[in-house]
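Asks: What follows is a single structure, and I will ask about it in a moment.
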């Protein structure tokens, strides 16, 4: 009897074991385990945790794994005029793709490349025609990201990130509450966030120093002083300048979402900020989101700009000037003051110095009104990298990401300590020093960062590093030493931006999610209404007192729906 009982027990154990094996075969979840994957899908290969899988995951997190045979990651690329190649290379075959294959066993394959303004259309055509989509897709277009997420073709990477991302990546991506906000959908991480340098287009006041010196004036610190300086420029025409423009504005700024006050060159949100609003931006008031363009404080800023327009402080054609036209006017030496990013010494100030002997523009903090200054804080969020739902080598993608993250961490002695590739974006001189100067790199300098799947960066590091160097901090790392060679005006302007963060004058956009349904359908007509109304008020074609009627119309044609959806998102994020 005991023998029969033992046999029954053994049989039961065998059945349970077989059922467990079958169950593990049907729950692979599309995670992929790279070189350790079994082509037959055996239970031994897919059970979790398996020793070989754990070993690979650790090597992937450390960036030490190499796939053999190589695996392929397909993508598509939005290009522009800054893409350059050398040594007969192209986007498919270059110094970076060779590095990925040789170091990681990863073949990077571009299905196609397209000019940036055609990229979204081409991706949408792939969706509608049911073409094979790329394994990974990087885009800053939030509307496109939302469509791709809704299509179901791209995956939640929450578990992938937790399993494969290096400690350094996890630390960076958890360092700020907004990091994942643009790409989180219903609580799921639907893309790896992409970042720009924070504060890249934040407001700095640049003034023609040679004009100040000629007229014996100091740079303005208040709105009242600003008006005095602009009037002096207009009356005395320093340098004998004809058709002088005291204050350069780009009220005709272009882009996908035209905003006359927030061009990356010649912005004017700083005119509205001290009154208590930022146009075209979602702000928090009493625990709820409100649209800055609809707040009554807008009237004060519009009245101020209308007054400056009537006095000739801004160009009569400012409503037609986009950023590129304004840059041209600065280069011609016609603009006295402009509010623009910290990087203005890179362009267009060199054009100004070339065209006008003795000319220069120097950076100063924004002027205050009643002791206050405020302007928009340009967002560092720039879309993200989506991963295809059925992609079998997410482990390979994270191996790649963990390795190129070395460019972010700037580890001393690391492979990317000096740049992406020797003799491409940096070189080593005969004395052993590192140079990133165009003239030192044989065959010319090219931006290898353009070739990567995603240009990972710590969004807050660059401005902080430049600001600290401006304050006199001794550069230690190779990145800091390169930064110390920047134009002193660039360093000073970065310090001004950093001070703006510390002093709270940089006002951040409070809605950072994917476009809501009402935003997708109504934003176009609302943005046009805002632009037409505000420019008409500045030009004096429409009275400022019509603002209340504008707000009513804005709400009735979709603004109320957008506000409701924005607040629903905002409450969820809390």
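In my numbering, the protein residues as written are 3 to 576. Cβ atoms here follow ideal geometry from the backbone N, Cα and C, with glycine treated the same way. Treat the numbers as computed from the prediction; the structure is a model and nothing was measured.
1) Can you tell which of 265, 126, 413 has its C-alpha closest to the C-alpha of residue 149?
2) What are the boundary residues of the beta strand (DSSP E) that residue 378 is part of?
3) Ignore the nearest five residues each way along the sequence and tell me which others in residue 549's own chain have a CB closer than 6 Å to its CB.
4) From residue 568 to residue 513, what does the alpha carbon distance come to, in whole angstroms?
5) Does the region 466-484 come into contact with the region 109-125, if we say contact requires no fewer than three beta-carbon pairs (one atom in each stretch) closer than 8 Å?
6) For the beta strand (DSSP E) that residue 311 lies in, which residues bound it at each end?
7) Give the straight-line distance between the Cα atoms of residue 235 and residue 404, rounded to the nearest whole angstrom.
8) Going by C-alpha to C-alpha distance, which of 289, 295, 192, 571 sits closest to residue 577?
9) Residue ranges of each alpha helix (DSSP H) run of no fewer than 4 residues wholly in the region 398-486, ordered along the chain?
10) How many Å lie between residue 462 and residue 318 at the Cα?
11) May I ask you to report which of helix, strand or coil DSSP gives residue 115?
12) If contacts are defined as beta-carbon pairs under 8 Å, then residue 265 and residue 325 qualify, I think. What distance do you get, rounded to the angstrom?
13) Distance check for residue 198 and residue 182, CA to CA, integer angstroms please.
14) Which same chain residues, not among the five before or five after residue 464, have their C-beta less than 6 Å away from its C-beta?
15) Since residue 522 contacts residue 383 with CB under 8 Å, what's their CB separation in whole angstroms?
16) Please report the residue range of the beta strand (DSSP E) in which residue 286 lies.
17) Ignore the nearest five residues each way along the sequence and tell me which others in residue 547's own chain have a CB closer than 7 Å to its CB.
18) I need the boundaries of the beta strand (DSSP E) containing residue 385, first residue and last residue.
19) Taking buried to mean at least 16 other C-beta atoms within 10 Å of its own C-beta, is residue 144 buried or exposed?
20) Measure from the alpha carbon of residue 540 to the alpha carbon of each residue in 339, 286, 273, then state which is nearest.
21) State whether the region 238-257 contacts the region 322-340, with contact taken as three or more CB pairs (one from each stretch) at a distance under 8 Å.
22) Quick check: the Cα distance between residue 411 and residue 556, rounded to an integer number of angstroms?
23) When the distance is taken between beta carbons, is residue 151 closer than 8 Å to residue 178?
24) I need the straight-line Cα distance from residue 572 to residue 161, nearest angstrom please.
25) Short check: CB of residue 78 to CB of residue 139, under 8 Å?
26) Indicate whether residue 564 and residue 385 have their beta-carbon atoms separated by less than 8 Å.
27) How would you write the range of the alpha helix (DSSP H) that residue 172 sits in, first residue to last?
28) Can you give me the start and stop residues for the alpha helix (DSSP H) that residue 533 sits inside?
29) Let me make sure I understand the geometry here. Which of 131, 531, 141, 106 has the alpha-carbon closest to that of residue 116?
30) Give the secondary structure of residue 490 by DSSP, where H, G and I count as helix, E and B as strand, and everything else as coil.
31) Let me know the secondary structure DSSP gives residue 208 once reduced to three states.
32) Could you check the C-alpha separation between residue 362 and residue 249 for me, to the nearest Å?
33) Under 8 Å, with one C-beta from each stretch per pair, do the region 422-434 and the region 386-396 reach the 3-pair mark?
34) Based on Cα-Cα distance, which residue from 531, 246, 284, 451 lies nearest to residue 87?
35) Just mark residue 24 as buried or exposed, buried being the case when its beta carbon has 16 or more other beta carbons within 10 Å.
Replies: In this structure, then:
1) Locating residue 149 in the chain shown gives position 147, where the first residue counts as 1. Nearest to residue 149 by alpha-carbon distance, out of 265, 126, 413, is 126.
2) Here residue 378 refers to the residue found at position 376 of the chain shown. Note, residue 378: beta strand (DSSP E), 377-379.
3) Counting from 1 along the chain shown, the entry for residue 549 is found at position 547. Within the same chain, and ignoring the five residues on either side of residue 549 in sequence, the residues whose Cβ sits closer than 6 Å to its Cβ are 301.
4) Sequence index remark: in the chain shown, residue 568 carries index 566 (1-based). Sequence index remark: in the chain shown, residue 513 carries index 511 (1-based). Taking the straight line joining both Cα atoms gives about 7 Å.
5) Contact between the region 466-484 and the region 109-125 is absent, because fewer than three Cβ pairs lie under 8 Å.
6) In the chain shown, counting from the first residue as 1, residue 311 sits at position 309. Careful: residue 311 lies outside any beta strand (DSSP E), inside the alpha helix (DSSP H) at 300-313.
7) As a position in the chain shown, residue 235 is number 233, starting the count at 1. As a position in the chain shown, residue 404 is number 402, starting the count at 1. So the two alpha carbons sit approximately 54 Å from each other.
8) Residue coverage of the chain in this structure runs from 3 to 576, which leaves residue 577 outside it and unanswerable.
9) Segments of the alpha helix (DSSP H) lying fully in the region 398-486: 408-411, 463-472, 480-485.
10) Here residue 462 corresponds to residue number 460 of the chain shown, with the count starting at 1. Here residue 318 corresponds to residue number 316 of the chain shown, with the count starting at 1. Distance from the CA of residue 462 to the CA of residue 318, rounded to the nearest whole angstrom, comes to 38 Å.
11) In the chain shown, residue 115 corresponds to position 113, counting from 1. For residue 115, the three-state secondary structure derived from DSSP is strand.
12) The count along the chain shown starts at 1 and reaches residue 265 at position 263. The count along the chain shown starts at 1 and reaches residue 325 at position 323. The pair is a contact, with the Cβ atoms about 5 Å apart (cut-off 8 Å).
13) What you label residue 182 is simply residue 180 of the chain shown in a count that begins at 1. What you label residue 198 is simply residue 196 of the chain shown in a count that begins at 1. Distance between the alpha carbons of residue 182 and residue 198 is about 14 Å.
14) If you number the chain shown from 1, residue 464 lands on position 462. Within the same chain, 199 come within 6 Å of residue 464 by CB-CB distance, once the 5 residues on both sides are set aside.
15) Here residue 522 corresponds to residue number 520 of the chain shown, with the count starting at 1. Here residue 383 corresponds to residue number 381 of the chain shown, with the count starting at 1. At roughly 18 Å, the Cβ-Cβ gap does not stay under 8 Å, so residue 522 and residue 383 are not in contact.
16) Residue 286 sits at position 284 when you count from the first residue of the chain shown. 284-287 is the extent of the beta strand (DSSP E) around residue 286.
17) Indexing the chain shown from 1 puts residue 547 at position 545. Excluding residues within five positions, none has a Cβ falling inside 7 Å.
18) Counting from one through the chain shown, the residue named residue 385 turns up at place 383. Element bounds for residue 385: 383-389.
19) The sequence position of residue 144 within the chain shown is 142, counting from 1. If you draw a 10 Å sphere on the C-beta of residue 144, you find 16 or more other C-beta atoms in it, and that means buried.
20) Position 538 of the chain shown, counted from the start, is the residue given in the question as residue 540. Nearest C-alpha to residue 540: 273.
21) Yes, the region 238-257 is in contact with the region 322-340.
22) What you label residue 411 is simply residue 409 of the chain shown in a count that begins at 1. What you label residue 556 is simply residue 554 of the chain shown in a count that begins at 1. Those two C-alpha atoms are separated by around 46 Å.
23) On the chain shown, position 176 is the one that residue 178 refers to. On the chain shown, position 149 is the one that residue 151 refers to. Here residue 178 is not near residue 151, since their CB atoms are 8 Å or more apart.
24) Residue numbering aside, residue 572 sits at position 570 when the chain shown is read from its first letter. Residue numbering aside, residue 161 sits at position 159 when the chain shown is read from its first letter. Straight through space, the alpha carbons of residue 161 and residue 572 are spaced by roughly 25 Å.
25) Your numbering for residue 78 matches position 76 in the chain shown. Your numbering for residue 139 matches position 137 in the chain shown. Yes, they are a contact pair.
26) Reading the chain shown from its first residue, position 562 is the one you call residue 564. Reading the chain shown from its first residue, position 383 is the one you call residue 385. Against a cut-off of 8 Å, the Cβ pair of residue 385 and residue 564 comes out as no contact.
27) Counted from its first residue, the chain shown places residue 172 at position 170. In this chain, the alpha helix (DSSP H) harbouring residue 172 covers 169-175.
28) Numbered from 1 along the chain shown, position 531 holds the residue referred to as residue 533. Here the alpha helix (DSSP H) through residue 533 covers 519-541.
29) The residue given as residue 116 occupies position 114 in the chain shown. Of 131, 531, 141, 106, the residue nearest in Cα terms is 141.
30) In the chain shown, counting from the first residue as 1, residue 490 sits at position 488. Secondary structure at residue 490: helix, using DSSP grouped into helix, strand and coil.
31) For the purposes of this step, residue 208 is identified with residue 206 of the chain shown, where counting begins at 1. Per DSSP, reduced to three states, the secondary structure at residue 208 is strand.
32) One-based indexing of the chain shown puts residue 362 at position 360. One-based indexing of the chain shown puts residue 249 at position 247. Within the model, the alpha-carbon separation for residue 362 versus residue 249 is close to 15 Å.
33) With a cut-off of 8 Å, the region 386-396 and the region 422-434 do not count as touching, because too few Cβ pairs lie within range.
34) Numbered from its first residue, the chain shown carries residue 87 at position 85. Comparing Cα positions, the closest option is 451.
35) Stepping through the chain shown from its first residue, residue 24 is reached at position 22. Residue confidence for residue 24 is low, a pLDDT of 39 falling below 50, so the modelled location carries little weight; the figure read from the coordinates is stated next. In summary, residue 24 is exposed, with fewer than 16 beta-carbon neighbours lying within 10 Å of its beta-carbon over all protein chains present.
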